[in-house]
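Enquirer: Structure in structure tokens, see below.
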Amino acid sequence: MGFVLPLERVSVRKSSSRAPGRRQELQDADEFAYLLTISVGDQRFPVVLDSGSSDLWIASTECASAAEARVATYNASLSRSFSNSTLPFELRYLTGAVHGSIGWETVLFGPFLVARQTFALVNSADALDLAQSHNSGILGLAFTNRAAIDAKAGTTLLENVLTHVDEADRFFGVRLAREGGVNASNSSFSVGQLDESVASRSAEIAFSAVFPTAAGDAYDYWKLPLHHLTVDLGSGPFQFDLSPSKMPNAPEGANVAVLDTGTTLVLGPSADIARFYALLGDAARQVDGGLWEIKCSRRVGLSFALGDVKGESLREYVVHPFDVSWGGEHYLGWCLGGLQANDKVISGDWLLGDTFLRNVYVTHRPANGATPPILGLLALTDPASSAQEFAQQRGEDTDAVSLAQRSTALFAAIARRPQQPSQSSRALPFFMVALGIGIVLGAAAVLLYVWISHRHAYGRLPPAAAARRRKGHPPRGKKKIVFSD
Numbered sequence: 012m013g014f015v016l017p018l019e020r021v022s023v024r025k026s027s028s029r030a031p032g033r034r035q036e037l038q039d040a041d042e043f044a045y046l047l048t049i050s051v052g053d054q055r056f057p058v059v060l061d062s063g064s065s066d067l068w069i070a071s072t073e074c075a076s077a078a079e080a081r082v083a084t085y086n087a088s089l090s091r092s093f094s095n096s097t098l099p100f101e102l103r104y105l106t107g108a109v110h111g112s113i114g115w116e117t118v119l120f121g122p123f124l125v126a127r128q129t130f131a132l133v134n135s136a137d138a139l140d141l142a143q144s145h146n147s148g149i150l151g152l153a154f155t156n157r158a159a160i161d162a163k164a165g166t167t168l169l170e171n172v173l174t175h176v177d178e179a180d181r182f183f184g185v186r187l188a189r190e191g192g193v194n195a196s197n198s199s200f201s202v203g204q205l206d207e208s209v210a211s212r213s214a215e216i217a218f219s220a221v222f223p224t225a226a227g228d229a230y231d232y233w234k235l236p237l238h239h240l241t242v243d244l245g246s247g248p249f250q251f252d253l254s255p256s257k258m259p260n261a262p263e264g265a266n267v268a269v270l271d272t273g274t275t276l277v278l279g280p281s282a283d284i285a286r287f288y289a290l291l292g293d294a295a296r297q298v299d300g301g302l303w304e305i306k307c308s309r310r311v312g313l314s315f316a317l318g319d320v321k322g323e324s325l326r327e328y329v330v331h332p333f334d335v336s337w338g339g340e341h342y343l344g345w346c347l348g349g350l351q352a353n354d355k356v357i358s359g360d361w362l363l364g365d366t367f368l369r370n371v372y373v374t375h376r377p378a379n380g381a382t383p384p385i386l387g388l389l390a391l392t393d394p395a396s397s398a399q400e401f402a403q404q405r406g407e408d409t410d411a412v413s414l415a416q417r418s419t420a421l422f423a424a425i426a427r428r429p430q431q432p433s434q435s436s437r438a439l440p441f442f443m444v445a446l447g448i449g450i451v452l453g454a455a456a457v458l459l460y461v462w463i464s465h466r467h468a469y470g471r472l473p474p475a476a477a478a479r480r481r482k483g484h485p486p487r488g489k490k491k492i493v494f495s496d
């Protein structure tokens, strides 16, 4: 029994709470939260879907920050099915934390009515900005061994629901859209079936095994090998190699990326992020607090190479220029960059948040016997049409980096990249020399062309010919599930 639920996209008028350093307000940045409404003890709550955590928690009436944010809070006195405990609950995020106690309640999730579902009643929520994201809690979608609630107290909501789906259909899918107004979107969350408005057949999707923990025998987050970025600044795409991975069991020559719906931005190692923005020259800058900004008119072509090489699932996934440079001016035509630096991530080298996830449809299939968990990705962004959309909305790219500046920045960025023990890195000195020779030859060609043009224009071509040369242009039914603690 599968189902598809719509997600409500709401505008968030702030910079990401997970970005490093001092927060800076962007009054009109294109930041959104994607909310799913569930019922807990006949009380309805909008929750954020978070594939970077595993627990379900709801703010209680005792949570002062939730009251100040004027979001819906859970009132235990109104429910006859609530059971409390003295078990404490604490969950820390990259930025922010929640505290409370563990309880059991009836939860309506899509068509499934789950009795005695374990959840956390949060009495304190620190640095989560509930008023900005308009949510009353978080529904975790990561693996159960990352749950802050001990398994002895009960299983996660997602696991309970998937247990009662046909074995062949035990997966969930997420689509985060950017189209429409504040509350109108094509975003969805599905269990046991594909969102056919995005993908009608599983054959369209590239599947990869989820990358395991450092021990190699367990799974914590929805992770994939990230091999490189591909960047296009207007003169053609080129490969942007990454620094060596800090993960002890990372694939050779690759980083580890975590797909995280609870993170707004793409977060990466500060050294790689700095090299990336160095390619843009004067069209990028780092402001107080460490955030990176891009000139709003500067189009950056970007894609991520993700997947398992052995399984032949390696694909390039294009990111829309709107997601690389967020709309809404911060100051005099500067926009927030969709990629930001954070070296405190411990679950992987990179966190691929909504900035990336808006460009793909993702299916998540837990482990089944000897079969490891599987991630499926379907690319949704076309590079040509997205570039055209960007130009139509942002206007002419007046801050395009010149050829010489781009070549110099690329040369410097490659030179600063830490060496990796691979064939490509051993060939790096030759490539750098070839690039330098190419720049010199290109400059000589330009000077030769100017000299020849000067002679033609004033020595041999009649005025009329010279003038011509210079011209140019959800299902209704409810299925009841009863669980005991």
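Okay, so the sequence shown: first residue is 12 according to this note's numbering, each after it adds one. Where a beta carbon is used, it is the ideal one built from N, C-alpha and C, also for glycine. Small disclaimer: the values here were computed from a predicted structure and weren't measured.
1. Mind checking residue 259: buried by the 16 CB within 10 Å criterion, or exposed?
2. Helix, strand or coil: which one does DSSP assign to residue 474?
3. Helix or strand or just coil, what does DSSP make of residue 75?
4. What are the start and end residues of the alpha helix (DSSP H) that includes residue 304?
5. Would you decide whether residue 81 is buried or exposed? Buried here means 16 or more other CB atoms lie within 10 Å of its CB.
6. CA-CA distance, residue 153 and residue 127?
7. Comparing alpha-carbon positions, which option in 373, 124, 140 lies nearest residue 74?
8. Count the other CB atoms, across all protein chains shown, that sit within 10 Å of the CB of residue 429; report buried if there are 16 or more and exposed otherwise.
9. For the alpha helix (DSSP H) that contains residue 383, what are its first and last residues?
10. So, for residue 442: in the same chain, excluding its five sequence neighbours on each side, which residues have a beta-carbon less than 6 Å away from its beta-carbon?
11. Check whether the stretch 228-239 touches the stretch 203-218, counting contact only when three or more Cβ pairs, one atom from each stretch, lie closer than 8 Å.
12. Please state whether the Cβ-Cβ distance between residue 137 and residue 107 is less than 8 Å.
13. Which residues in the same chain as residue 211 place their Cβ atom closer than 6 Å to its Cβ, once the five residues preceding and following it in sequence are excluded?
14. Which residue wins for smallest C-alpha separation from residue 158, given the options 222, 147, 113?
15. Using CA coordinates, which residue listed in 344, 130, 379, 328 is at the minimum distance from residue 393?
16. Could you give the C-beta distance for residue 267 and residue 261, rounded to a whole number, given that I count them as a contact under 8 Å?
17. Would you call residue 286 buried or exposed, if buried means 16 or more other Cβ atoms sit within 10 Å of its Cβ?
18. What do you reckon, are the CB atoms on residue 522 and residue 306 nearer than 8 Å?
19. How long is the line joining the alpha carbons of residue 314 and residue 54, rounded to whole angstroms?
20. Start and end of the alpha helix (DSSP H) containing residue 335?
21. For residue 284, does the three-state DSSP call read helix, strand or coil?
22. State the Cα-Cα distance for the pair residue 272 and residue 371, rounded to the nearest angstrom.
23. Hey, residue 304 and residue 348: beta-carbon distance below 8 Å or not?
24. How many Å lie between residue 237 and residue 324 at the Cα?
25. Report back the beta-carbon spacing between residue 58 and residue 149 to the nearest angstrom; my notes put them in contact at under 8 Å.
26. When the Cα atoms are used, what is the spatial distance from residue 91 to residue 118?
Expert: Put simply:
1. Residue 259 sits exposed, since fewer than 16 C-beta atoms from the chains shown fall within 10 Å of its C-beta.
2. Note that residue 474 has pLDDT 32, beneath the 50 cutoff, so the model's placement of it is unreliable and the number below is only indicative. DSSP places residue 474 in helix when its eight states are reduced to three.
3. Correct three-state label for residue 75: helix.
4. From DSSP, residue 304 is part of no alpha helix (DSSP H) but of the beta strand (DSSP E) over 303-306.
5. Residue 81 is exposed by the Cβ-count criterion.
6. Here the C-alpha atom of residue 153 lies approximately 21 Å from the C-alpha atom of residue 127.
7. When each option's Cα is compared against that of residue 74, the closest is 140.
8. Unreliable placement is indicated for residue 429, whose pLDDT of 49 sits below 50; the coordinate value is still reported in the next sentence. So residue 429 counts as exposed.
9. According to the DSSP assignment, residue 383 belongs to no alpha helix (DSSP H), since it is labelled neither H nor E.
10. Its pLDDT being 41, under 50, residue 442 is placed unreliably by the model, and nothing is read from it.
11. The answer is no - the stretch 203-218 does not touch the stretch 228-239, with fewer than three Cβ pairs under 8 Å.
12. For the pair residue 137 and residue 107, the CB atoms are nearer than the 8 Å cut-off.
13. Nothing listed; no residue qualifies.
14. The residue with the shortest Cα to Cα distance from residue 158 is 113.
15. Taking each of 344, 130, 379, 328 in turn and checking the Cα distance to residue 393, the smallest one comes out for 328.
16. Their Cβ separation, rounded to whole angstroms, is 5 Å, which keeps residue 267 and residue 261 in contact under 8 Å.
17. Residue 286 is buried by the Cβ-count criterion.
18. Any question about residue 522 goes unanswered here, given that the chain covers just 12 to 496.
19. Their Cα atoms are separated by approximately 42 Å.
20. Start and end: 332-335.
21. Residue state, collapsed to three classes: helix.
22. Going from the Cα of residue 272 to the Cα of residue 371 covers about 12 Å.
23. Cβ distance < 8 Å, so residue 304 and residue 348 count as in contact.
24. Residue 237 and residue 324 have their C-alpha atoms some 12 Å from each other.
25. Confirmed, Cβ separation roughly 6 Å.
26. Approximately 13 Å, taken between the alpha carbons.
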